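In full-length UniProt numbering, the protein residues as written are 1 to 657. One structure is given below, encoded as structure tokens.
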């Protein structure tokens, strides 16, 4: 698919879409989530592009909705569908179901509808869908213990773009590589020329590193899964509650996610937890160990009598010995016990095993009071613990990234399938809520025929809407009393036509719809138009009369645009121009009789008949009667009054009708 061939997609937008892994699939399937991941493409823009792509793909790039009122009805249809979606994705996705005259597109959506109507609508699935969102790539975060190294400036730029999480350093030779190894825990050399170089430190020669970023910076993959954890778990629940066949092992996915913290670090490993705790608690543990040793010595000194020979005391003083040196001769064994207690406390409290030798060096063998740590030994212990912790974390990250890497593509399918199930359930709920059926469309069908049609656009509960039967083709006038349902009938015809051309079911017992290229629906004008607006309206109808494509034209009380006498003549002329073309036209008018008389052709007149007045309210048969000029509301009122009294006066008025 040539991206710039899609209407509204210029070079800049095409370049943004080209950054996606598979833009053609996203456009073809209306995947607005994938499209909105392109740089600078919002969700609303993604839906608009998807709509344009649908029209382009099916050769239906004309505007089916030719008037403002037609577009209003379509927007109402979208609202009804979107009210039945759970996710924002599905709400955007249904916007791609545009009405077209393209048979291939209609058939494509009808297949989706048939599949959707086989879905069971259950509360557990809808609840699970509430937490499903399109997968998103988290922003890159800097990883400071590793770097990439290269001798090539072009390679430098490529590496900076491919793996922004790591610093990229340019080195001239092995000496430069060795200097980096002293500053970073791990150096990944990108040049084959470094193979076999003997450099101290963790230096890995990986010319293919940019092709395998998950192996070099597993944090990227871990961050992705951590950021999307909620959506992934919700999508898994959707598959289970809906009985869907998942694209991956859901238990394996949950197990891998359980090993991952919300910040993208591995969890659940006892050894890593031990090392992390040891690093964090080292200073506190050393301080407590000092206290353990000193408390022991204080207690011993407090309870013990110490005797020193005068000559020994004099000798010690002459040698400049301190008090602790004086005491060490008498309490040497107790010093050893105190230090042993300190060492054991440090080892036990931090759970040290392989590091025991280093830990024991934290307290020297030479007796002293108070007992104090060997700061240099403690520093070495801290360095060793940190290194062991980091090595363990790096290994866990690599292992976990390897497990999650095998799930990366399947989870895309997992979430996409869950989101598409929301679309299907919205279609199914729409069909169920409004008792819909798939209409017959195209073929030998002419005009529009609806049986048991009920419009969900009315301001009453759907169950209270009276069903309408109406079939129309060619050019027809629709007459009827005020508030009898003429406009509602036009809305129903427009609604059924739009839904049928979207490939969707219609709210009727059955329906047959001619496949047309355009819907022209003109709403009732609010008052007489000025000369300019009147002229513009006539130009619209002149264009209609010159058209050759199949069209449905719905017009509501066109006579309101100018004086009644002129209106009847103008409408009659318009009907004459449309007669014989590939047009089905329904003109609602209170001047149906006058228009018929003024027309130079036989114009069909149907009527929505009022059966009478009951307690001052009209009782109406909402289904238009074919070839019948309906009586007006004033005629019904005069007829009622003639039956109640003063028959001569009211009878004379009634004769005028």
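In this text, a Cβ means the ideal position worked out from N, Cα and C, and glycines have one as well. Since we're looking at a predicted model, the values are computed, not measured.
Same chain, Cβ closer than 7 Å to residue i, five either side skipped, listed in chain order
i: residue 260; result: 222, 225, 226, 266, 267 and 400
i: residue 486; result: 478, 480, 588 and 608
i: residue 431; result: 117 and 505
i: residue 373; result: 286, 290, 362 and 363
i: residue 203; result: 177, 181, 187 and 189
i: residue 313; result: At residue 313, the pLDDT of 47 sits below 50, so the modelled position is not reliable and the matter cannot be decided from this model.
i: residue 397; result: 218, 219, 222 and 266
Unbroken beta strand (DSSP E) run spanning residue i, endpoints
i: residue 599; result: Careful: residue 599 lies outside any beta strand (DSSP E) and carries neither H nor E.
i: residue 585; result: 583-588
i: residue 373; result: That residue, residue 373, is in no beta strand (DSSP E); it is neither H nor E in DSSP.
i: residue 510; result: 510-513
i: residue 424; result: Run containing residue 424: none in the beta strand (DSSP E); it sits in the alpha helix (DSSP H), 408-433.
i: residue 204; result: 202-205
i: residue 287; result: Here residue 287 belongs to no beta strand (DSSP E); instead the alpha helix (DSSP H) covers 270-303.
i: residue 208; result: That residue, residue 208, is in no beta strand (DSSP E); it is neither H nor E in DSSP.
i: residue 216; result: Premise fails: residue 216 lies in the alpha helix (DSSP H), 213-216, not in any beta strand (DSSP E).
i: residue 451; result: 448-453
i: residue 188; result: 186-189
Endpoints, alpha helix (DSSP H) assigned at residue i
i: residue 179; result: 174-183
i: residue 128; result: 123-129
i: residue 232; result: 229-241
For residue j and residue i, the rounded distance between their alpha carbons
i: residue 147; j: residue 182; result: 12 Å
i: residue 535; j: residue 517; result: 25 Å
i: residue 599; j: residue 569; result: 8 Å
i: residue 115; j: residue 563; result: 53 Å
i: residue 478; j: residue 126; result: 44 Å
i: residue 428; j: residue 13; result: 34 Å
i: residue 1; j: residue 34; result: 16 Å
i: residue 157; j: residue 167; result: 11 Å
i: residue 581; j: residue 548; result: 7 Å
i: residue 422; j: residue 109; result: 15 Å
i: residue 406; j: residue 43; result: 29 Å
i: residue 173; j: residue 16; result: 39 Å
i: residue 189; j: residue 219; result: 19 Å
i: residue 320; j: residue 368; result: Residue placement at residue 320 cannot be trusted, given a pLDDT of 49 that sits under 50; what the coordinates show is reported in the next sentence. Those two C-alpha atoms are separated by around 15 Å.
i: residue 594; j: residue 565; result: 9 Å
i: residue 512; j: residue 551; result: 15 Å
i: residue 32; j: residue 8; result: 16 Å
i: residue 282; j: residue 347; result: 10 Å
i: residue 390; j: residue 216; result: 15 Å
i: residue 498; j: residue 592; result: 27 Å
i: residue 77; j: residue 56; result: 22 Å
Beta-carbon proximity of residue i to residue j, cut-off 8 Å
i: residue 6; j: residue 425; result: no
i: residue 256; j: residue 413; result: no
i: residue 470; j: residue 450; result: yes
i: residue 559; j: residue 567; result: yes
i: residue 520; j: residue 60; result: no
i: residue 503; j: residue 74; result: no
i: residue 99; j: residue 65; result: yes
i: residue 680; j: residue 143; result: Lying before the first or after the last residue shown, residue 680 is absent from the chain, which here runs from 1 to 657.
i: residue 293; j: residue 371; result: yes
i: residue 279; j: residue 356; result: no
i: residue 468; j: residue 458; result: no
i: residue 628; j: residue 606; result: yes
i: residue 359; j: residue 380; result: no
i: residue 508; j: residue 447; result: no
i: residue 238; j: residue 418; result: yes
i: residue 234; j: residue 152; result: no
i: residue 38; j: residue 27; result: no
i: residue 297; j: residue 338; result: yes
i: residue 571; j: residue 537; result: no
Cutoff 8 Å; reference residue i; Cβ partners in own chain excluding five residues on either side
i: residue 162; result: 210 and 213
i: residue 578; result: 475, 544, 545, 553 and 585
i: residue 103; result: 442 and 515
i: residue 41; result: 13, 16, 17, 35 and 49
i: residue 262; result: 226 and 229
Contact set for residue i: own chain, Cβ-Cβ below 6 Å, skip 5 residues either direction
i: residue 277; result: none
i: residue 609; result: 621, 625 and 630
i: residue 194; result: 205
i: residue 352; result: 359
i: residue 555; result: 522 and 587
Any non-hydrogen atom of the ligand NAD within 7 Å of residue i CB
i: residue 394; result: Ligands are entirely absent from the displayed structure, and the ligand NAD is therefore not among its contents.
Residue ranges of each alpha helix (DSSP H) run of no fewer than 4 residues wholly in the segment 52-111, ordered along the chain?
68-82 and 88-93
Unbroken beta strand (DSSP E) runs of length 3 or more, entirely within the segment 138-173: which are they?
146-150 and 167-170
Enumerated in chain order, which unbroken segments of the beta strand (DSSP E) with a length of 3 residues or greater are wholly contained in the segment 471-513?
475-480 and 510-513
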